[in-house]
Amino acid sequence: MLIGKVVGTVVATQKDEKLANLRFMVVRQVTVDGKDTGNYVIAVDAVGSGVGEIVLYATGSSARQTVLTDKRPCDAVIMAIVDTWEVDGEVRYQKE
Amino acid sequence: MLIGKVVGTVVATQKDEKLANLRFMVVRQVTVDGKDTGNYVIAVDAVGSGVGEIVLYATGSSARQTVLTDKRPCDAVIMAIVDTWEVDGEVRYQKE
Amino acid sequence: MLIGKVVGTVVATQKDEKLANLRFMVVRQVTVDGKDTGNYVIAVDAVGSGVGEIVLYATGSSARQTVLTDKRPCDAVIMAIVDTWEVDGEVRYQKE
Amino acid sequence: MLIGKVVGTVVATQKDEKLANLRFMVVRQVTVDGKDTGNYVIAVDAVGSGVGEIVLYATGSSARQTVLTDKRPCDAVIMAIVDTWEVDGEVRYQKE
Amino acid sequence: MLIGKVVGTVVATQKDEKLANLRFMVVRQVTVDGKDTGNYVIAVDAVGSGVGEIVLYATGSSARQTVLTDKRPCDAVIMAIVDTWEVDGEVRYQKE
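Residue numbers (our numbering), protein chains in the order written: chain A, 7 to 102; chain B, 7 to 102; chain C, 7 to 102; chain D, 7 to 102; chain E, 7 to 102.
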């Protein structure tokens, strides 16, 4: 999994039928120091996340292992909202 | 998923039999600011997209989860046509 | 999928038994402008391709979806020989 | 698999139900010379590893092949704690 | 698949039970010109390879398709020992 920040949303009405009722979020990958990387992914939200939140996202076939995304053509999913992480004994992020 | 722009097509008559009747599109990845990246992929069209359109595409095993691509040797699929997306509260793209 | 040029072959007699009778080709990835990238992959040939030909290849689990490669430890397959492709309305490659 | 060093932990209470009771570790990839690369991944711990340990981690669908991670939306798993490795006939790492 | 050179071994006694009796090899990726790239992977040996040999390795779910690695949390496997390869009509490598 990678750590990301939800920064936006994508709307697409014309899509594969298996994608009905899924929310597509724009997620920027962040480093373990909390800095933005240049990388982004469009991920399906499986946990009720919102813009501005720090999340974990999984990619590849693992993105289809949530109840919501099972057997859907989805290769990235937000599967957790991060409360806190620490590295080298220091808290690097704490949800407000 | 990633955001891409359909910029062309590939024709291949000599191919694995499971690939019959699939349309191969040249898709350039774009950034969330709508700029071209140097990356491209050849993706199967599962949603009736055309050259010039902004789309979402999935890669890997998830590319075989549309009805059209099930069990085919296809590792990238266009599974949605984008209407609009916004980042940091601003609309970055709006389909005309 | 990506576009590649078949530039060579690999011979390996000592291999997993499931790999018997497969042909391993050296494939260089090319850009949509037809230029060589620095990337290569060793792919199984599923369509009777030969050195010098421009092909499409799929990677990952999708590489096991041809009849030839089903359930084999193969992560890249040549699944089509390209006749032509066009980008931005211009033909970029035409098979001779 | 890649070699990594466990450098931290991530806590996430709001997550997909299939992720209950899994420990998320921050793992930095190291080179075969034992140097940190800039890359990190958040991996599920399947072997009782702790911060500071050198481990092997697997990614993609293989990350779901441990008993602990079976059918869960997890794309990286720590599946071994490294005792030692050697390269070019020299021991590069020895667990204390 | 990619071409690699087996340069070392990894020993790990504390590991997922499914990994018992597998040999972990340090494999450096080489270019088609036989030069070392900076990339390495830890791969399971499925063909009796040894340090110094030039091999083919597969990654991702395909790494679980050998009899040895079936359903194990392994994302890279050595599935062939290379005898020779040629590129652009020239032999680039010949096993001694």
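Quick reminder that beta carbons are idealized off the backbone N, C-alpha and C, glycines included. All of these numbers come straight from a predicted model, not from anything done at the bench.
{"Item": "Between Lys101(A) and the rest of its own chain, which residues show a CB-CB distance below 6 angstroms, the 5 nearest in sequence each way excluded?", "Value": "Asp89"}
{"Item": "Buried or exposed for Glu23(B), please, with buried defined as at least 16 other CB atoms from any protein chain shown within 10 angstroms of its CB.", "Value": "exposed"}
{"Item": "Between Thr15(A) and chain D, is any beta-carbon pair separated by less than 8 angstroms?", "Value": "no"}
{"Item": "What does a CB cutoff of less than 8 angstroms around Ala82(A) pick up in its chain, not counting 5 residues either side in sequence?", "Value": "Val33, Val47, Ile48, Ala49, Val50, Tyr63, Ala64, Thr65, Ala69"}
{"Item": "Over the uninterrupted beta strand (DSSP E) stretch that includes Val36(A), give me the two end residues.", "Value": "30 to 36"}
{"Item": "Any Cβ of chain B within less than 8 angstroms of the Cβ of Asp51(C)?", "Value": "no"}
{"Item": "Let me confirm a value: Gly95(C) is counted as buried when at least 16 other C-beta atoms fall within 10 Å, else exposed. Which label applies?", "Value": "exposed"}
{"Item": "Looking at the secondary structure, which residues open and close the beta strand (DSSP E) in which Val12(C) lies?", "Value": "8 to 17"}
{"Item": "How is the beta strand (DSSP E) around Gln71(D) delimited, first residue to last?", "Value": "Here Gln71(D) belongs to no beta strand (DSSP E), and DSSP marks it neither H nor E."}
{"Item": "Measuring alpha carbon to alpha carbon, tell me which of Thr75(D), Leu8(D), Ile60(D), Asp39(D) ends up nearest Ala14(D).", "Value": "Residue identity check: residue 14(D) is Gly in the sequence provided, not Ala. It is Ile60(D)."}
{"Item": "Strictly under 8 angstroms for the Cβ-Cβ distance: is Arg70(C) near chain E by that measure?", "Value": "yes"}
{"Item": "Does DSSP put Glu23(D) in a helix, in a strand, or in coil?", "Value": "helix"}
{"Item": "How is Arg78(C) classed by DSSP in three states: helix, strand or coil?", "Value": "coil"}
{"Item": "Since Gly44(C) is in the beta strand (DSSP E), which residue starts that stretch and which ends it?", "Value": "42 to 51"}
{"Item": "Are there 16 or more other CB atoms within 10 angstroms of the CB of Val73(B), so buried, or fewer, so exposed?", "Value": "exposed"}
{"Item": "Let me confirm a value: Val38(D) is counted as buried when at least 16 other C-beta atoms fall within 10 Å, else exposed. Which label applies?", "Value": "buried"}
{"Item": "Give a yes or no on whether the minimum CB-CB distance between Gly66(C) and chain B is below 8 angstroms.", "Value": "yes"}
{"Item": "Step through the CB atoms of chain E and report whether any lies within less than 8 angstroms of the CB of Asp42(C).", "Value": "no"}
{"Item": "How would you write the range of the beta strand (DSSP E) that Glu59(C) sits in, first residue to last?", "Value": "Unbroken run through Glu59(C): none, as it is neither H nor E."}
{"Item": "Closer than 7 angstroms by beta-carbon distance: list the chain B residues that pair up with Ala82(A), in chain order.", "Value": "Met7"}
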